[in-house]
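Student:
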Amino acid sequence: MRKLFPFFIAAFLFYVPFSNGEPLTINRFLGTAENDHQLQSHRELVEHIRTSPESTPYVDRIEFRTETEEFDIEKQKYSLRFHPRGWGETKCSKKIFQTTGKAVKAEHDALFNNVLKNRYELVLDFLETLSLLNMKKNLLIVYDDEVNVLRKMSTRDLSFDIRTLVSAEDRYVDLQLDLVKLENKLTGIIEEIKTIAGYYEEISFDEKNLIGPERIEEMIRYIQPVPAPDNVRIRYQKLKTELAENRYQFEIAKNRKYFNFLKLQYDTDDYDEPEKAFSVEVGFNLPFVNPDREDINRRKRNWLDEKLEYEEEKNKASEKIRSLSASLNRLIRQHRILVNRKPESNAEISFKKYMEMEGINPLTLLKIKKSILESEMRLKRIGYLIRRQYIDLMNITGKLSEKPLKNYLSARAEDIK
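Residue numbers (the numbering used here): 8 to 424.
(1) Let's test the definition: count the other Cβ atoms within 10 Å of the Cβ of valine 130 and tell me whether it reaches 16, buried, or not, exposed.
(2) If we call anything under 9 Å between Cβ atoms a contact, is leucine 139 one with leucine 416?
(3) Flag this pair as yes or no: are the beta carbons of glutamine 396 and serine 325 separated by less than 9 Å?
(4) Is lysine 3 near arginine 88, with beta carbons less than 9 Å apart?
(5) Per DSSP, which residues does leucine 87 bridge with? Please list them.
(6) Any idea what DSSP makes of isoleucine 230, helix, strand or coil?
(7) Taking the alpha-carbon of leucine 118 as reference, which of Asn347, Asp43 and Ser332 has the nearest alpha-carbon?
(8) Among Leu46, Asn125, Ala251 and Asp151, which residue has its Cα nearest to the Cα of glutamine 105?
(9) Can you say whether aspartate 399 is buried or exposed, counting buried as having 16 or more other CB atoms within 10 angstroms of its CB?
(10) Quick one: measure Cβ to Cβ for threonine 136 and leucine 157, integer angstroms, because I've assumed they're closer than 8 Å.
(11) Mapping the DSSP letters down to three states, classify isoleucine 423 as helix, strand or coil.
(12) Going by CA-CA distance only, name the one from Glu221, Lys323, Gly195 and Arg300 that's closest to isoleucine 259.
(13) By the 10 Å Cβ neighbour count, where 16 or more other Cβ atoms means buried, how is threonine 248 classified, buried or exposed?
(14) Answer yes or no: do phenylalanine 133 and isoleucine 197 have a C-beta to C-beta separation smaller than 9 Å?
(15) Does DSSP put isoleucine 103 in a helix, a strand or coil?
(16) Just how far apart, CA to CA, sit proline 236 and phenylalanine 257?
(17) Decide if glycine 390 is buried, meaning its Cβ has at least 16 other Cβ atoms within 10 Å, or exposed.
(18) Between the C-alpha atoms of glutamine 341 and isoleucine 227, what's the straight-line distance to the nearest angstrom?
(19) For lysine 112, which residues in the same chain have their Cβ closer than 6 Å to its Cβ, ignoring the five residues on either side in sequence?
(20) List, from N- to C-terminal side, the alpha helix (DSSP H) runs of 4 residues or more that fit wholly inside the segment 163–230.
(21) Identify the continuous alpha helix (DSSP H) that holds leucine 345 and give its terminal residues.
(22) With a 10 Å radius around its C-beta and 16 neighbouring C-beta atoms as the bar for buried, classify proline 411 as buried or exposed.
(23) If I follow the unbroken alpha helix (DSSP H) through tyrosine 255, where does it start and stop?
(24) Would you mind giving the Cβ-Cβ distance between arginine 126 and leucine 37, rounded to the nearest angstrom? I have them listed as a contact below 8 Å.
(25) Quick check on DSSP: helix, strand or coil for glutamate 76?
(26) Take cysteine 99 as the anchor and find which of Ile303, Arg337, Arg254 and Thr32 has the nearest alpha-carbon.
(27) Could you tell me the distance, in whole angstroms, from the CA atom of phenylalanine 358 to the CA atom of asparagine 141?
(28) For the candidate residues Thr39, Leu380, Arg240 and Tyr229, whose alpha-carbon lies nearest to that of valine 122?
(29) Below 7 Å CB to CB, which residues in the same chain sit around arginine 57 once its five sequence neighbours on both sides are set aside?
(30) With a Cβ-Cβ cutoff of 9 Å, do lysine 84 and aspartate 302 count as a contact?
(31) Check the C-beta distance from asparagine 120 over to leucine 407 and give it rounded, since I have them as a contact under 8 Å.
(32) Rounding to the nearest angstrom, what Cα-Cα distance links asparagine 191 and threonine 162 in this structure?
(33) If you reduce the DSSP assignment to three classes, tell me which class leucine 31 lands in.
(34) Kindly indicate the opening and closing residues of the alpha helix (DSSP H) around leucine 392.
(35) When you compare the CB positions of glutamate 70 and histidine 49, do they come within less than 9 Å of one another, or not?
(36) In the structure shown, what three-state DSSP assignment does lysine 410 receive?
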């Protein structure tokens, strides 16, 4: 009965009734990133900018003026004054609009990338926590058996060191507390998955189909830190730099208002002589007077700041690729050592050997079994750490959110539908 207890808990936690009739697979869960609530309002902004007119008029404003001389209605003057934009201002304004649209789209892609990566992390959190929970429950059975054996020995052997029993009981209690923490953590992960994905009949994340360290080693072999990757963050920062440059050029163009205005005037006092009634007036600005130099300098400073941020973003990405690649190679070597050691492990061999013998000390068997379980947990942790860093590497290289979307946790890396 005690051995069945963990399975009852697992059944209660992981097969809670959901309203959707289909199981929630890893592919389905990753696919829900397309409709994440965080993207809805931002998608409206992208669509608004896409459908907005991008044309900018060449005329800044038009004024209609009327003037009465000596309060005599017969001496009325009417005029239209056209104020054109600066030289090249319309062209720069159009560039700003186009770059803004691209930047907003890149920001949307970066937001989508974040919600997708969050789903990858939740999948790994769920599977690793569930796996460790089950393994620690098996270890708890070993600890329980160890405590029971020591209790019997304490009643039979007068020379028995009671501190051994106390230490075993402490380990047993500590492991129980660890299990409670893991169960609480898993419950929180399940709630977050349900909140994000909606309700399904069951969470059916299959650990058996996860990509292994050997396949990861093959996939990262040809990833190079230089040139810098074309990921969504770098693309977004590049467009922010272009936008800042366009605004700087726009500020310069605004100050190239050499042609100030064109004025057309009609004087009713000379209506009988049209050549005198109509007049044209033109105004020019002196080019060597520039009162808005401070705004130009501010725009240039913003542009240079964004440009520096862009270069730093590329350097950080390249350095991150180097760091992750080196770390992954070390972890994969560690994993390979543990895997190769497992069939030849002294603990495995001793356990099988002692199981066939009679009269063996039960504590010896329990220690061997404990060693085997702890080795398996260490192997499991390294395996999931490899997968986490692999997802980080796919993210920094820009592959994680490339279309069509692929499930990079799957050994086959199939498309997400």
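Where is the CB? At the ideal position from N, CA and C, for every residue including glycine. Computed from a predicted model, the values in this text were never measured in an experiment.
Tutor: Checking against the coordinates, here is how it stands:
(1) Valine 130 should be labelled buried.
(2) One thing to note: leucine 139 has its Cβ no nearer than 9 Å to the Cβ of leucine 416.
(3) No, the Cβ-Cβ distance between glutamine 396 and serine 325 is not below 9 Å.
(4) In this structure the chain extends from 8 to 424, so residue 3 is not present and cannot be described.
(5) For leucine 87, which the question treats as bridged, DSSP gives the partners Phe71 and Leu271.
(6) In the structure shown, isoleucine 230 sits in coil (DSSP, three-state: anything other than H, G, I, E or B).
(7) Taking leucine 118 as reference, the option from Asn347, Asp43 and Ser332 with the minimal CA-CA separation is Asp43.
(8) It is Ala251 whose Cα lies nearest to the Cα of glutamine 105.
(9) A buried status is given to aspartate 399, since no fewer than 16 other beta-carbon atoms sit within 10 Å of its beta-carbon.
(10) For a cut-off of 8 Å, the C-beta gap from threonine 136 to leucine 157 is around 30 Å, too long to register as a contact.
(11) Annotated three-state conformation of isoleucine 423 is coil, per DSSP.
(12) Checked all of Glu221, Lys323, Gly195 and Arg300; the closest Cα to isoleucine 259 is Arg300.
(13) Buried: at least 16 other Cβ atoms inside 10 Å.
(14) It is a contact, given that the beta carbons lie within the stated cut-off.
(15) Isoleucine 103: helix per DSSP, three-state reduction.
(16) One alpha carbon belongs to proline 236, the other to phenylalanine 257, and they sit about 30 Å apart.
(17) Here glycine 390 is buried, its C-beta having at least 16 other C-beta atoms within 10 Å.
(18) The straight-line gap from Cα to Cα measures roughly 17 Å.
(19) If we look at lysine 112 and ignore the five residues flanking it on each side, its Cβ neighbours are Val53.
(20) Unbroken alpha helix (DSSP H) stretches of 4 residues or longer found wholly inside the segment 163–230: 169–204 and 220–227, given in chain order.
(21) In the DSSP assignment, leucine 345 falls within the unbroken alpha helix (DSSP H) covering 300–348.
(22) Flag for proline 411 reads exposed.
(23) Note, tyrosine 255: alpha helix (DSSP H), 239–261.
(24) Contact holds; Cβ gap of about 5 Å.
(25) In the structure shown, glutamate 76 adopts coil according to DSSP, grouped into three states.
(26) The candidate whose alpha carbon is nearest that of cysteine 99 is Arg254.
(27) For phenylalanine 358, the predicted model reports a pLDDT of 49, less than 50, meaning its position is unreliable; a value from the coordinates is still stated below. In a straight line, the C-alpha of phenylalanine 358 is about 21 Å away from that of asparagine 141.
(28) Out of Thr39, Leu380, Arg240 and Tyr229, Thr39 has the C-alpha closest to the C-alpha of valine 122.
(29) Gly108, listed in sequence order.
(30) The Cβ-Cβ distance between lysine 84 and aspartate 302 does not fall below 9 Å.
(31) Asparagine 120 to leucine 407, Cβ: 6 Å. Contact.
(32) Between asparagine 191 and threonine 162, the C-alpha separation is close to 37 Å.
(33) Under the three-state reduction of DSSP, leucine 31 is assigned to strand.
(34) It spans 369–403 - the alpha helix (DSSP H) in which leucine 392 sits, taken as one unbroken run.
(35) Not closer than 9 Å, so no.
(36) In the displayed model, lysine 410 falls within coil according to three-state DSSP, outside both helix and strand.
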